[in-house]
Structure formats: structure tokens, C-alpha cells
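**Student:** Here it is, the structure, as C-alpha cells.
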Amino acid sequence: MIDLKRLAEDSDYRNGIERKRVRAGLLDELLEVVAAERQANASVQELRTRQNAASKDIGRAPAEERQAKILVAATLKQELAAAELHLATIQPKVRELALQVPNPAHDSVPDGGEDEGTVVRSVGAQDDPPALDHADFAASMRWVDRERAAEIAGSRFSYLMGDAVMLEFAIVQWVLSKLVVEGFTPVIPPVLVRESTMEEAGFFPTDRAQVYDVDNGELFLVGTAEVPLSVLHRNETLNVAGLPLRYAGFSSCFRREAGTYGKDTRGIFRVHQFDKVEMFVFADPATSWEEHERILAIEESIIGGLGLPYRVVNIAAADLGNAAAKKYDLEVWLPSERQYREVTSCSNYLDYSARRLGTRTKTSDGASQHVHTLNGTACAISRTLAFIFEHYQDGIGGFNIPDVLRPWMGKDHIAPLS
RNA sequence: GGAGGGAUGCCAGAGCGGCCGAAUGGGACGGUCUUGAAAACCGUUGAGUGAUGAGCUCCGUGGGUUCAAAUCCCACUCCCUCCGCCA
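Be aware that the first sequence starts at 1135, since it is given in this note's numbering, and climbs by one per residue.
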């Protein structure tokens, strides 16, 4: 939810919204209904003041005067009801339009759409494809079984097996141990949440089609731990001295992947169920941009630490999505496709979702303000596995375990199946 | 799943439909006293919006009754106790 006051007063703020290519006229329509709402609200308040006073007066009055005074108050009540009705017709319009307005893009975000992000830096070489792509290699090691999974659950599901499972847990251990050092509290959150939670977290109604509905609409499977982490401090005022609050959520993630038929059909690159470690930070507004760079640095140290070649992209304004004021993607070189593919991303939402969540803090002079929220992928495990399956083949059908995972795996090499 | 009880400010806890944004106790903060501390005493102390004004809103959430609701009615959510089931 944007700051309606700033929209009216701050032309830079408005400009940042327009860079996201909102529907022409939306902002003016919104400002119009906001003005109407303010006026309606003022008259409701004035009538309420009078009605409250009239009511209190009755309590103080001697019995014989009460009937006359009740009559006065009753008339005021009717006027008030009419004014409230008028206000109630305007408010949903404000809400409806305001929810369509995205968070303004930050100044440092480039103009443009999907392919117009700026490459901030590239690290590592663009390797040639290995003998087998990630899917064939995983099948050759009997690490991923999609056929049997498809029989019992459908396409885009898989059995992850053998050393691939050990690799997953090694990655999780390594990543979480890093994040703890960086001040994150590990969290295993609920993966089933109510509809109202999905709304508060900002995923409904927009992403409803991407989400599995369980128990006849009572509960929904989350597509990311961001959902349960973001609502952790709903309607709370956080002590500014305690900020930032950093959480690292490990969870399974469930996505319908509607509209992706025929896309990324191989291996475990795009599946309905995968595990992920997600960072979520509640930050002091004064330092949220530093925090954003910090999260990016952590993501780079994870992907870089695994020895994967990657590049950092500053996503362009119109490709940012609703909530992000700025977003970096980390893309890893996928040799079999000879292109970079997204593996993690991190966004600064500023106060956009905190406003809806009611998560606040106070400035040094005691004024209430909303916190800034940021989130970033620490590690999307199935996708990370797919990348290392290509980059760490040993050339004779086996697998070299990435250095950083060796302590957790207890070995440095996995031989091919005989 | 069945049967009861409950939800009030930082915490505990009172609250007759009007004098309740809310007693009292604790805590916290400020002060007196003290070499210092404790004790004792005095004072301050919920949140949002608004201009640290007036006003308005908030006693789990949403609706209703009434001139007037923390207080009455309905629904929902959560917590506790007992029974059943169960990793």
C-alpha cells in the first residue's frame, strides 16, 4: 500500500510510480476519490462530535429533560448515519484504486521492462556445457526420479534421492550456519496459512492462481517462507534499538506454476514443490538501503561460495513487481542452455508492505513510522542443485562435491553408478 | 471430535448501559531522602490520527441493539480445563 499523502504532495514519488507503467489516469482518479473521502470523513467527524456531545448530555440531565434531549440526539444520529453511508460508498473505491498502485521505483533503478535490467557485475566464466545436462546427470546418478513422481502426483513433482538429499541438507546446514553468523534467526514457519494471511502478506488476490488451496479454502500452501515471515510482526510497534530483525526461514514451497506449460520441463529446475531458505528483514527506515546491499552481498557469498558463475542484475522499473522499490536478481550461468538463469533475488519494499501489515517503529523524536521490509532468497535448493549438477561433473560420469559442502558431506567426490 | 471457562493498558487485575480511555497493584521513568544503594514518600506513564491543540478511533476480530456499549445480542478467531484420539 502506497503513502497516499506523499502521492499528492511529492512529485518524485509519483514519478517513481509512473516508471512502473501504471494505467494512464489511475493516479488522478485515485487522488480525486481520496479528496472526496477526506471531505466526507470531515463531515462524518463533525457530526459525530455533535452526536457524542448530545448523548453525554443526556446522561447528565435530570430525568424530566431526558425525553427532549433523546429526541435531539436521535435526529443527529440519523444525519450521522447518512454521512457515514456516503463515506462508506467512497472508501471501497479508494481502497480498490490504491491497491492497484505499485510501490514507486527507486532512483537507482533503470527505466524499462523485462530485458532492460542493468548488469551490475559478472563473476566467473561462461563454461561450455558438460556431457549431460542437469536433468540427465541427476537421472544417471538416480538422484531425481520424475517418472515415478509423475505417476503418483503428476508432472513437475519429483523424488529426490540418495546423495542429492545429502547435498540438499549439506547446503541447508552451510547456508543457515552462515546466516546465523550474519545475525539471522533461523525459522521453520507454518507452510499452511489462512486466506487473510495471504492478503496481508500481499500475495492475494494477485497470486491466487499460483497457490494451492487446501481444506476447501480454509488454508493455503505458501509459495515461499516470505509469507509467514512477513506477518511475524503484524500490528506491532518494534523497538528501533532492536532493528534490524533478521529472519532466515527454511520451508518447503508450493507453486502451481500455472501458465508455464512447456517451460523448463527438465529435471528439478521448475517444480511444484521445493525447499528454500529465505531471508526476511525488518529494518530501520534510516538504514534499509544499506541492509539491501548487505543482503545482496550475502547472496553473492552463497552463490560465489559454491563456485557458481553468476551476474547481478538491477531489475528495471516496469519489471519490479508491485511491492519492490528495487530488486537485484542473481543469475547463474547454466551451461546446457548457454544462458544466465535466475537463482536468487532480493528486494527492498521500503514501507509498502509494512503499511498494510501495521508493523511500525518510532523515530528518535517519538513519531510513529512504518518499518522497512526486505527479503531475499538465501538459497532455492532445487534450482541450486540443478546448477551444481552441471558445474561439478567430473568428466567421467561422477560428481565433485563443492568445497564448502565437503565438511557437511564428509567426502569430496561421488562416483558414478556402476 | 465432545463438554465447559475465558480474552481489558508493559504485566496482573477490577469494571452497575451514561460520571470509563478505563479502578487498584506491580513494573518503568522523573524527583525527595541517602556518601551510594535499598526502603519510604511525591509525581509521570496505553496506542493510532491530528500540529506534543481540539476532535475522532481503539477494551480479541467483525456485525447488531441503543440517544449512549468494555458492559446487552450474534458470528468468528485465539487461549485454558476435562473427555476422546494421536506423531
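Beta carbons: idealized from backbone N, C-alpha and C, even for Gly. Just so we're clear, the structure is a prediction, and the values are computed from it rather than from any experiment.
How should Ala1452 be labelled, buried or exposed, when 16 other C-beta atoms within 10 angstroms of its C-beta is the threshold for buried?
**Tutor:** Burial call: buried.
**Student:** Do the stretch 1431–1443 and the stretch 1399–1409 make contact, defined as three or more Cβ pairs closer than 8 angstroms?
**Tutor:** Output reads no: the stretch 1399–1409 does not touch the stretch 1431–1443.
**Student:** Looking at C-alpha atoms only, which residue of Pro1469, Met1543, Pro1236 and Arg1282 is the closest neighbour of Ile1522?
**Tutor:** With distances taken between Cα atoms, Ile1522 lies closest to Pro1469.
**Student:** Less than 7 angstroms separating the beta-carbons of Glu1433 and Thr1497?
**Tutor:** In this structure, Thr1497 does not lie closer than 7 angstroms to Glu1433 by Cβ.
**Student:** Does DSSP classify Arg1182 as helix, strand or coil?
**Tutor:** Residue state, collapsed to three classes: helix.
**Student:** Using the C-alpha atoms, what's the distance from Ala1169 back to Leu1160?
**Tutor:** Rounded to the nearest angstrom, the two C-alpha atoms are 14 angstroms apart.
**Student:** Look at the alpha carbon of Val1446 and the alpha carbon of Leu1464, and state the distance between them as a whole number of angstroms.
**Tutor:** Straight-line Cα distance between these residues: approximately 5 angstroms.
**Student:** If we ignore side chains and look at the alpha-carbon of each, how far apart do Gly1531 and Trp1423 end up?
**Tutor:** So the alpha carbons of these two residues sit roughly 45 angstroms apart.
**Student:** Short of 6 angstroms in beta carbon distance, which residues of its chain neighbour Ala1335, apart from the five on each side in sequence? Order them along the chain.
**Tutor:** So the qualifying residues of the chain are Val1361, Ser1364 and Val1365.
**Student:** If you follow the alpha helix (DSSP H) that Pro1226 is in, where does it begin and where does it stop?
**Tutor:** First-last of the alpha helix (DSSP H) with Pro1226: Ala1197 to Gln1234.
**Student:** For Arg1290, which three-state DSSP category applies?
**Tutor:** Here Arg1290 sits in coil by DSSP.
**Student:** Tell me, which residues are paired with Met1300 by DSSP?
**Tutor:** Looking at the DSSP assignment, Met1300 forms no beta bridge with any residue, so it has no partner.
**Student:** Based on the DSSP secondary-structure assignment, which residues constitute the bridge partners of Tyr1462?
**Tutor:** Answer is Asn1448 and Cys1480, bridged to Tyr1462.
**Student:** Please say whether Ala1298 and Trp1277 have beta carbons closer to each other than 7 angstroms?
**Tutor:** Yes, they are a contact pair.
**Student:** Starting from the Cα of Phe1533, find the closest Cα among Met1275, Ala1283, Val1235 and Ser1177 and give me that residue.
**Tutor:** Of the candidates Met1275, Ala1283, Val1235 and Ser1177, the one whose C-alpha sits nearest the C-alpha of Phe1533 is Met1275.
**Student:** With burial defined as no fewer than 16 other Cβ atoms inside 10 Å of the residue's Cβ, what is the status of Pro1196: buried or exposed?
**Tutor:** It counts as exposed.
**Student:** Leaving out five residues on either side along the sequence, give the residues of the same chain with a beta carbon under 7 angstroms from the beta carbon of Gln1234.
**Tutor:** Hits under 7 angstroms: Leu1160.
**Student:** Where does the unbroken beta strand (DSSP E) through Phe1338 begin, and where does it stop?
**Tutor:** Taken as a continuous stretch (DSSP letters only), Phe1338 belongs to no beta strand (DSSP E), as it is neither H nor E.
**Student:** Could you give the distance in angstroms between the alpha-carbon of Tyr1486 and the alpha-carbon of Val1374?
**Tutor:** About 18 angstroms.
**Student:** List the endpoints of the continuous beta strand (DSSP E) containing Lys1496.
**Tutor:** Residues Arg1494 to Lys1496.
**Student:** So Asn1149 is in the beta strand (DSSP E); what residue range does that whole segment cover?
**Tutor:** That residue, Asn1149, is in no beta strand (DSSP E); its alpha helix (DSSP H) goes Ser1145 to Glu1152.
**Student:** Any chance the stretch 1221–1228 sits against the stretch 1412–1431, with 3 or more Cβ pairs inside 8 angstroms?
**Tutor:** Because the criterion of three Cβ pairs below 8 angstroms is not met, the stretch 1221–1228 and the stretch 1412–1431 do not touch.
**Student:** Starting from Thr1518 and walking both ways along the beta strand (DSSP E), at which residues does that stretch end?
**Tutor:** Here Thr1518 belongs to no beta strand (DSSP E); instead the alpha helix (DSSP H) covers Ile1515 to His1525.
**Student:** Can you check which of these residues, Val1415, Glu1391, Pro1339 and Asp1245, is closest to Phe1318 by C-alpha distance?
**Tutor:** Considering only alpha carbons, the answer is Val1415.
**Student:** If we call anything under 7 angstroms between Cβ atoms a contact, is Val1411 one with Cys1480?
**Tutor:** Contact flag unset, no.
**Student:** What number of angstroms, rounded off, separates the C-alpha of Asp1144 from the C-alpha of Ser1386?
**Tutor:** Looking at the two C-alpha atoms, the distance is approximately 41 angstroms.
**Student:** I'd like the span of the alpha helix (DSSP H) that includes Tyr1486, first residue to last.
**Tutor:** Here the alpha helix (DSSP H) through Tyr1486 covers Tyr1486 to Leu1491.
**Student:** Cβ atoms of Gly1150 and Ala1450: under 7 angstroms apart, would you say?
**Tutor:** No. Outside cutoff.
**Student:** Taking just the CA atoms, how far does Arg1155 sit from Ser1552?
**Tutor:** Roughly 56 angstroms between the two C-alpha positions.
**Student:** Which one or two residues does DSSP pair with Leu1379 in a beta bridge?
**Tutor:** The partner list for Leu1379 (beta bridge, DSSP) reads Phe1416.
**Student:** Just to confirm, are Arg1368 and Leu1491 a CB contact at a threshold of 7 angstroms?
**Tutor:** Yes, the pair counts as a contact, with Cβ atoms nearer than the cut-off.
**Student:** Below 6 angstroms CB to CB, which residues in the same chain sit around Glu1302 once its five sequence neighbours on both sides are set aside?
**Tutor:** Once the five neighbours on either side are set aside, the close Cβ partners of Glu1302 are Ile1515.
**Student:** If distances are taken between C-alpha atoms only, which option among Gly1296, Gly1510 and Ser1189 comes closest to Ala1359?
**Tutor:** It is Gly1510.
**Student:** What residue range is occupied by the uninterrupted alpha helix (DSSP H) comprising Pro1362?
**Tutor:** Its alpha helix (DSSP H) spans residues Glu1360 to Ser1364.
**Student:** Report yes or no: do the stretch 1209–1221 and the stretch 1168–1186 share at least 3 C-beta pairs separated by less than 8 angstroms?
**Tutor:** Result yes; three or more Cβ-Cβ pairs closer than 8 angstroms.
**Student:** Mind checking whether His1506 and Leu1539 have CB atoms under 7 angstroms apart?
**Tutor:** Not in contact: His1506 and Leu1539 (Cβ atoms no closer than 7 angstroms).
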